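S.K.: Dropping a structure here in structure tokens format, bear with me for questions.
In the numbering used here, the protein residues as written are 1 to 81.
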């Protein structure tokens, strides 16, 4: 996997979940994970309100937000809604 930002790490994790026993190598130009754009974002989880109701983007925002909050709850990560 190229990139140790939030998306690269999420994809690497999903690959491991879907392919138990496999190995994934994550490479990045930075010395630490999340050092670039991931570390400079606003931390807002979008609710999809800026997209046409029922559109793919709106549905993905709603689904992604639900998954993120669920992940945080399962792993004891503090977050605000």
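All C-beta atoms, glycine included, are put in the ideal place defined by N, C-alpha and C.
Remember, it's a predicted structure, so these values are computed and weren't measured experimentally.
Can you check which of these residues, 14, 28, 29, is closest to residue 22 by C-alpha distance?
M.R.: To locate residue 22, count along the chain shown from 1; it is residue 22. Minimum Cα distance to residue 22 is reached at 14.
S.K.: By how many angstroms is the C-alpha of residue 48 removed from the C-alpha of residue 55?
M.R.: Reading the chain shown from its first residue, position 55 is the one you call residue 55. Reading the chain shown from its first residue, position 48 is the one you call residue 48. Answer to the nearest angstrom: the Cα atoms are 9 Å apart.
S.K.: Taking DSSP's pairing of strands, which residues face residue 27 in a bridge?
M.R.: Taking the first residue of the chain shown as position 1, residue 27 is located at position 27. DSSP output for residue 27 lists 2 as bridge partner(s).
S.K.: Relative to the C-alpha of residue 26, which candidate in 50, 38, 5, 35 has its C-alpha closest?
M.R.: The residue you call residue 26 lines up with position 26 of the chain shown. Among 50, 38, 5, 35, the Cα nearest to that of residue 26 is on 5.
S.K.: What is the C-beta distance between residue 69 and residue 81, in whole angstroms, given that I count them as a contact (C-beta under 8 Å)?
M.R.: Position 69 of the chain shown holds residue 69. Position 81 of the chain shown holds residue 81. That belief holds up - the Cβ atoms of residue 69 and residue 81 are roughly 7 Å apart, short of 8 Å.
S.K.: Candidates 71, 3, 61: which alpha carbon is nearest residue 44's?
M.R.: Position 44 of the chain shown, counted from the first residue, corresponds to residue 44. Nearest option by C-alpha distance: 61.
S.K.: Measuring CB to CB, does residue 1 end up less than 8 Å from residue 17?
M.R.: Along the chain shown, read from residue 1 onward, the residue named residue 1 stands at position 1. Along the chain shown, read from residue 1 onward, the residue named residue 17 stands at position 17. Against a cut-off of 8 Å, the Cβ pair of residue 17 and residue 1 comes out as no contact.
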